[in-house]
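For reference, the structure is listed below as structure tokens.
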Amino acid sequence: MSSGAANGNDSKKFKGDIRSPGIPSRVIHVRKLPNDINEAEVISLGLPFGKVTNLLMLKGKNQAFLEMNTEESAQTMVSYYSSVTPVIRNHPIYMQYSNHKELKTDNSPNQVRAQAALQAVNAVQTGSMSLSTVDGAGMGSQSPVLRVIVENLFYPVTLDVLHQIFSKFGTVLKIITFTKNNQFQALVQYSDGMTAQHAKLSLDGQNIYNACCTLRISFSKLTSLNVKYNNDKSRDYTRPDLPTGDSQPSLNAQTMAAAALTAPGIISASPYAGAHGFPPTFAIQQAAGLSLQGMPAGAFASLGVPGAAAAAAAAAAAGRLSLSGYTAGGNSVMLVSNLNPELSYLLVGVYGDVMRVKILFNKKENALVQMSDGTQAQLAMSHLNGQKLYGKALRVTLSKHTTVQLPREGHEDQGLTKDYSNSPLHRFKKPGSKNYSNIFPPSSTLHLSNIPPSVTEDHLRGLFLSSGAVVKAFKFFQKDRKMALIQLGSVEEAIESLIKFHNHDLGENHHLRVSFSKSTI
76 MSSGAANGND SKKFKGDIRS PGIPSRVIHV RKLPNDINEA EVISLGLPFG
126 KVTNLLMLKG KNQAFLEMNT EESAQTMVSY YSSVTPVIRN HPIYMQYSNH
176 KELKTDNSPN QVRAQAALQA VNAVQTGSMS LSTVDGAGMG SQSPVLRVIV
226 ENLFYPVTLD VLHQIFSKFG TVLKIITFTK NNQFQALVQY SDGMTAQHAK
276 LSLDGQNIYN ACCTLRISFS KLTSLNVKYN NDKSRDYTRP DLPTGDSQPS
326 LNAQTMAAAA LTAPGIISAS PYAGAHGFPP TFAIQQAAGL SLQGMPAGAF
376 ASLGVPGAAA AAAAAAAAGR LSLSGYTAGG NSVMLVSNLN PELSYLLVGV
426 YGDVMRVKIL FNKKENALVQ MSDGTQAQLA MSHLNGQKLY GKALRVTLSK
476 HTTVQLPREG HEDQGLTKDY SNSPLHRFKK PGSKNYSNIF PPSSTLHLSN
526 IPPSVTEDHL RGLFLSSGAV VKAFKFFQKD RKMALIQLGS VEEAIESLIK
576 FHNHDLGENH HLRVSFSKST I
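The opening position of the sequence shown corresponds to residue 76 in our numbering, with each subsequent residue numbered one higher.
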């Protein structure tokens, strides 16, 4: 084997590559691959960054060598994966520049298979072969249907947003969205397994928006989806003639779709630049060849995204894209029923910052609640509507009103309108707050924080027992006793306790912070 080329003949005795830190090469050494890795998955690691020109698999050593068409493509790939570690079947994958400048492969069975897979990908990219014909190369053996779970759902994710994201990897045929186990999920069908595999490798673990809406992607056991209606919950893009059914388009669908369309990347980070004080990191420029955050415009050329769009896609893939000048759309005013209006700002405030509350004169159990923006209102509505509180089912709907007016000076309204715009209890007024990524549906387990050192477990148990709740379990965080989890008898008890004890004075200038947790004890 020469010093400049890695040769397939040596694959059995090859002991790995010599690390060459900081010396770029077209050849990338990929390590810690899972035992059942196939050629398609290794090739897919390089596809977003340029053309893959050669592949050497060392399956016995869980390693591979990937040769890119240019050194620039290889640099982009190594730079990106140094900050975003790719994960295949729970295996973090590591890569570095090889000390070899090119790959030379032989005619061994492993290398023949690798070359066949590579040729199939190149044929697809040049348009001389359809994706459905590459199964024999091991590229389409997986299901064409992906199961998508969105975690940390701070902003609503619509069907249109999912379509915009997943369409970057190939034609999306059908999408079905649903909620299961208090998680927003979707099934996305491509025309073939190779495209689904490529999308999964590139998107799994990525955030749709900054620090939230994390994609968890797996292959579905289904091979085809049966879509009956085209609406905001399901869509068959091959059957535009399908009826809409009973579901009505969601209020924010067009707004969110517009945001996604504005960002032509794989993943668009927060489209709400300017909302909640998030500063825009950059505005998408129209100049071709733009380089953003070290990602050149050609980084996503293999996906058919040219010029400035490719640069935006590259930055988006790194989770750095914000759209400047965009504010969260949609109505920010909700009608809340069957909840003491005096307490509504405490509960609704878990999902956004309450600005104003107006108790209805003739229906004192109803109130108009204005949030900081329409996205927060959607979030509160989706998590709280139908939840039981004090024996009644909460009703949370969007109001026809677009703002809650304060009474004019000199015109009192018997204290029915409250202004909370400067409330110290706002959870999301601080830009980049950790609260953005810790928003969960109501649950029987509460997260407690800001606990002073002198307060014991018995003290906190007693506090929650005093309200009539059943305390099933309690646990301090091992590394930080300022925080704890407490599990109550029911979700309803947890909601009541959150309202009662959030901001409770524990002494020593510490006020208890209470939120819902996804964990159990």
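Even for Gly, the Cβ is constructed at its ideal location relative to N, Cα and C.
Less than 7 angstroms separating the beta-carbons of residue i and residue j?
i, j, result
"residue 455", "residue 423", "yes"
"residue 408", "residue 451", "no"
"residue 527", "residue 583", "yes"
"residue 142", "residue 151", "no"
"residue 241", "residue 263", "yes"
"residue 234", "residue 279", "no"
"residue 474", "residue 442", "no"
"residue 294", "residue 183", "no"
"residue 102", "residue 166", "no"
"residue 591", "residue 512", "no"
"residue 168", "residue 223", "no"
"residue 589", "residue 523", "yes"
"residue 297", "residue 220", "yes"
"residue 544", "residue 568", "yes"
"residue 536", "residue 551", "no"
"residue 421", "residue 577", "yes"
"residue 139", "residue 117", "yes"
"residue 410", "residue 478", "no"
"residue 113", "residue 126", "no"
"residue 406", "residue 449", "yes"
"residue 56", "residue 246", "As displayed, the chain neither begins before 76 nor continues past 596, which places residue 56 out of reach and without an answer."
"residue 108", "residue 193", "no"
"residue 259", "residue 228", "yes"
"residue 447", "residue 427", "yes"
"residue 288", "residue 232", "yes"
"residue 132", "residue 191", "no"
Under the three-state reduction of DSSP, which class applies to residue i: helix, strand or coil?
i, result
"residue 458", "helix"
"residue 489", "coil"
"residue 443", "strand"
"residue 422", "helix"
"residue 370", "Bear in mind that a pLDDT of 31 at residue 370, under 50, signals an unreliable position, so the number given afterwards is only what the model happens to contain. Note: residue 370 maps to strand in three-state DSSP."
"residue 160", "coil"
"residue 472", "strand"
"residue 502", "coil"
"residue 177", "strand"
"residue 155", "helix"
"residue 450", "helix"
"residue 167", "strand"
"residue 431", "strand"
"residue 105", "strand"
"residue 148", "helix"
"residue 100", "coil"
"residue 438", "coil"
"residue 588", "strand"
"residue 512", "helix"
"residue 332", "With a pLDDT of 35 at residue 332, under the threshold of 50, the modelled position of that residue is not reliable, and the figure given next carries that caveat. Helix at residue 332."
"residue 220", "strand"
"residue 411", "strand"
"residue 521", "strand"
"residue 464", "strand"
"residue 192", "helix"
Mind reading off the beta-carbon distance from residue i to residue j? Whole number of angstroms is fine, and I expect it under 8 angstroms.
i, j, result
"residue 547", "residue 562", "5 angstroms"
"residue 172", "residue 98", "6 angstroms"
"residue 503", "residue 593", "The Cβ separation is near 18 angstroms, so there is no contact."
"residue 570", "residue 464", "5 angstroms"
"residue 538", "residue 573", "That belief does not hold up - the Cβ atoms of residue 538 and residue 573 are roughly 13 angstroms apart, past 8 angstroms."
"residue 525", "residue 476", "With 8 angstroms as the limit, residue 525 and residue 476 do not qualify as a contact, their Cβ atoms being about 35 angstroms apart."
"residue 304", "residue 290", "At roughly 25 angstroms, the Cβ-Cβ gap does not stay under 8 angstroms, so residue 304 and residue 290 are not in contact."
"residue 248", "residue 313", "6 angstroms"
Exercise for review: Enumerate, from N- to C-terminal direction, the unbroken alpha helix (DSSP H) stretches of 4 or more residues contained entirely within the region 527–585.
Suggested key: 532–540 and 566–576
**Study point:** Ordered list of beta strand (DSSP E) runs contained in the region 270–324, each at least 3 residues
**Key:** 282–284, 287–294 and 309–311
Review point. Can we say the region 430–441 touches the region 484–503, given the rule of at least three CB pairs closer than 8 angstroms?
Key: yes
Exercise for review: Determine contact between the region 249–256 and the region 269–281, defined as no fewer than three beta-carbon pairs at a distance below 8 angstroms.
Suggested key: no
Review point. Should the region 173–181 be called in touch with the region 158–165, which here means at least 3 C-beta pairs below 8 angstroms?
Key: no
Point to revise | alpha helix (DSSP H) runs wholly inside the region 222–271, at least 4 long, in chain order | key: 234–241
**Study point:** Secondary structure, beta strand (DSSP E): runs of 3+ residues fully inside the region 116–142
**Key:** 127–133
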